[in-house]
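For the record, the sequence lines run as chains A and B.
Under the working numbering, the first residue of the first sequence carries the number 107, and numbering increases by one thereafter.
Under the working numbering, the first residue of the second sequence carries the number 57, and numbering increases by one thereafter.
Note that beta-carbon positions come from the ideal geometry of N, C-alpha and C, so glycine has one too.
As structure tokens, the structure follows; a few thoughts come after it.
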Amino acid sequence: MKRLGEAWQGFKVGTWLGWQIESNWTEPFLFAIYSVIKPIAGVLILVFMYLIVAQGGLTNPLFPQVFLGTTLYLYVVNALSGISWAVQDDREHYGMLKYVYMAPMHLYGYLLGRGMAKTLIATISVLITLSFGIAFLRVRLSFVNPGLFGIALVLGLAALAFYGILLAGVSLLIARHGWVVGDVVAGGLYLLCGAAFPISLLPWPFRALGLSLPPTYWFEALRRALLGKGLNPELADLPDSAILLILAGTTFLGIALSLAVFRVAERIAVHRGLLDMQTMY
Amino acid sequence: MTWSFWKTFLRTVAGRAYPRLIGVWREKSWLIFDVLFPLLQVSAYVYIYRAIGAPPEFAGFAVLGGAMIAYWMNVLWSMASQLYWEKETGNLQLYLIAPTSRMAILLGMALGGLTATTVRAVGVLLVGTLLFRVPLEVSDGALFFGVFVLTMVALYGLGMLLSSVFLLWGREAWHLSNLFQEPVFLFSGFYFPVRALGFWVAAAASVIPTTLGLDALRQLLYPRLMEQFRFLSVKAELAILAGLSILFLFLARLGLRFFEDLARKEGRLTLRGQ
């Protein structure tokens, strides 16, 4: 019970601190613009690619699927990069990780809190980007299955948060590659999980890898819930319940794995004196 | 300016370029990440083009754009933000008291960064071309090289200018560099021909040298396809790039002096963790 209390305390502090670090460098209005420009620019790249090449331009049936996948991907990049980057930032930049570790709160909860702050920012970006798509790009979200949407969203976000913790564990042990870990894994998921194109286009080893990753089922479930159909022909025969079951199974597997990896990494980091490492990389 | 000034100038350029050149080989695994990371994004865009049935040349657009992104990222993170990093690590004061030209320091940073980034960009171009069997045929090698060189001079000139502007900032520098990624990928047409944005938007985006550079390079690689997508003629783009090169280097010199004075007056040169 005491450990749970410490984890909660860490989560609250991590969320508050993460929000301050991300947002208080400028005025709230400028911060709001900053949070919106990047994702909308990312979506507009796809818009122009479609306008130039795709038959029917934005009315091409693939476009809403790609738009939705790319918008939801904001959660992936924010959660994964955000949590692993928090370790690098606190340890190498601010030199605060050792003090966080000494404080009467759990590091795991604290890092989840840092991820929560990034998830809140991602949520703002996702909502505004979706509104932009509905208003200007004629994307129609029909909330075909609100239940599926709610369960899939929560499961997917939980999976992403705990993958972020896993990467944070890895980041505790490395210095020279810490800045790139989250981005590379997030970039890999964009390619492998069908965020922007059907994974049937990938060569089979990559396709198989994509099918073993939870975000593939997360994107598929959310597309079915919001657009009425998925993107990947490989998953077309699976009912919604099977998609949810696979997503839930792989999420819980991911949580167990992340707990194990983080615990081992934390022990090694303490043993080797890596918590206050400052390499200037 | 005396011989001694130029000798110090050149030694500074070489001295500042050295760590960037040696850094490429010091941690070889970085090279893998530096090629792999942009390649993930490039691959995704190639597959998006394939999903919508684009001709194979569009894969070439994405691969070339991915290679050129390496330079823009280098300008953002290792030129524009560099003096911010130096401030955070406590090196900036050493630069400022060194008896040498600040322009020489920035030039050394640019030359070292340009060379190191070329290794990564070539990696992205080679792997991307082989992986996706992208057709690449340069119609005029000398012109292609000329466009590339002028794009780089103008781009790194812009980097030197941004570096002096960023001298004033703390965490804003980091966030602004972050902000100048996707929007610039969009307006410079890194993944699609910039003409799609419309003439006036493309004209405004031409202030970023990669906009014109990419358009010209694509025209030289895919002349037939680019007939319907080109923004300006290659010669016009070359002339504008030459103008931008001179303008940015001149403004960088002025900006460095102005912003250093301002940062000194406002006491921002030694602020850390801001």
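If the cut is a Cβ gap below 8 Å, which residues of chain A does residue i touch?
i: B/L96; result: V290, G293, G294, Y296, L297
i: B/L92; result: V290
Quick one: using the 10 Å Cβ neighbour count with 16 as the cut-off for buried, is residue i buried or exposed?
i: B/S60; result: exposed
i: A/Q126; result: exposed
i: B/P191; result: exposed
i: A/R330; result: buried
i: B/T266; result: buried
i: B/S85; result: exposed
i: A/A160; result: buried
i: A/A362; result: exposed
i: B/I78; result: exposed
i: A/H352; result: Checking the sequence, you will find Ile at residue 352 of chain A rather than His. Buried.
i: B/F117; result: buried
i: A/G355; result: exposed
i: A/H212; result: buried
i: B/W81; result: exposed
i: A/I139; result: exposed
i: A/V172; result: buried
i: A/W191; result: buried
i: B/A160; result: buried
i: B/V290; result: buried
i: A/Y205; result: exposed
i: A/G256; result: exposed
i: A/D343; result: exposed
i: B/Q138; result: buried
i: B/K321; result: exposed
i: A/T165; result: exposed
i: A/I146; result: buried
i: A/R378; result: exposed
i: B/Q149; result: exposed
i: A/T385; result: exposed
i: A/L233; result: exposed
What does residue i reach in chain B if we use C-beta pairs closer than 8 Å?
i: A/R282; result: E83, S85, W86
i: A/F303; result: A100, Y103, I104, R106, A107
i: A/L307; result: Y103, R106, A107
Nearest chain A C-beta to residue i closer than 7 Å, yes or no?
i: B/P239; result: yes
i: B/R227; result: yes
i: B/F89; result: yes
i: B/L242; result: yes
With 7 Å set as the bound, which would you pick, yes or no: does the beta-carbon of residue i sit closer than that to a beta-carbon of chain B?
i: A/L203; result: no
i: A/I257; result: no
i: A/K224; result: no
i: A/K144; result: yes
i: A/R273; result: Inspection of the sequence shows that residue 273 of chain A is occupied by Leu rather than by Arg. Chain B, which has no Cβ nearer than 7 Å to the Cβ of A/L273, makes this no.
i: A/A147; result: yes
i: A/L88; result: For chain A, the structure presents residues 107 to 387; residue 88 of chain A sits outside this window and is missing.
i: A/V206; result: no
Quick one: which chain A residues come within Cβ less than 7 Å of residue i?
i: B/V247; result: Looking at the sequence itself, residue 247 of chain B is Tyr, so the reference to Val does not match. Under the 7 Å cutoff, chain A gives I151, M155.
i: B/L223; result: Chain A residues near B/L223: none, gap ~16 Å exceeds 7 Å.
i: B/F114; result: V159
How would you list, in chain order, the residues of chain B whose beta-carbon sits under 7 Å from the beta-carbon of residue i?
i: A/Y140; result: H231, L235
i: A/W131; result: R227, E228, H231
i: A/N166; result: I108
i: A/V286; result: F89, F93
i: A/V183; result: What A/V183 touches in chain B: nothing, since even the nearest Cβ is about 11 Å away.
i: A/V245; result: Near A/V245 there are no residues of chain B at all, since even the closest Cβ is about 16 Å away, more than 7 Å.
Can you name the residues of chain A whose CB is closer than 9 Å to the CB of residue i?
i: B/A252; result: F154, M155, L157, I158
i: B/L77; result: Here the premise fails: no neighbours, minimum Cβ distance about 17 Å.
In the stretch 134-208 of chain A, which residue ranges form an unbroken alpha helix (DSSP H) of at least 4 residues, counting only runs that do not cross its ends?
134-159, 168-194, 203-208
With three or more C-beta pairs closer than 8 Å as the rule, is the stretch 72-87 of chain B touching the stretch 198-214 of chain B?
no
Enumerate, from N- to C-terminal direction, the unbroken alpha helix (DSSP H) stretches of 4 or more residues contained entirely within the stretch 275-332 of chain A.
284-298, 310-317
Are at least three pairs of beta-carbons, each pair with one atom in the stretch 218-236 of chain A and one in the stretch 118-134 of chain A, less than 8 Å apart?
The way I'd put it, the stretch 218-236 of chain A does touch the stretch 118-134 of chain A; three or more beta-carbon pairs between them come closer than 8 Å.
Sufficient close CB pairs (3 or more, under 8 Å) joining the stretch 273-282 of chain B to the stretch 300-314 of chain B:
no
Complete runs of the beta strand (DSSP E) confined to the stretch 270-313 of chain B [at least 3 residues]
none
If you pair each beta-carbon of the stretch 173-186 of chain A with each one of the stretch 248-267 of chain A, do three or more pairs fall below 8 Å?
yes
I'd like the ranges of any alpha helix (DSSP H) spanning at least 4 consecutive residues and lying wholly in the stretch 179-256 of chain B.
197-222, 227-235, 238-243
Contact between the stretch 169-184 of chain B and the stretch 91-109 of chain B is defined here as three or more beta-carbon pairs at a separation below 8 Å; is this criterion met?
With a cut-off of 8 Å, the stretch 91-109 of chain B and the stretch 169-184 of chain B count as touching, because enough Cβ pairs lie within range.
What are the complete alpha helix (DSSP H) segments, minimum 4 residues, inside the stretch 332-387 of chain A?
The qualifying runs are 346-378.
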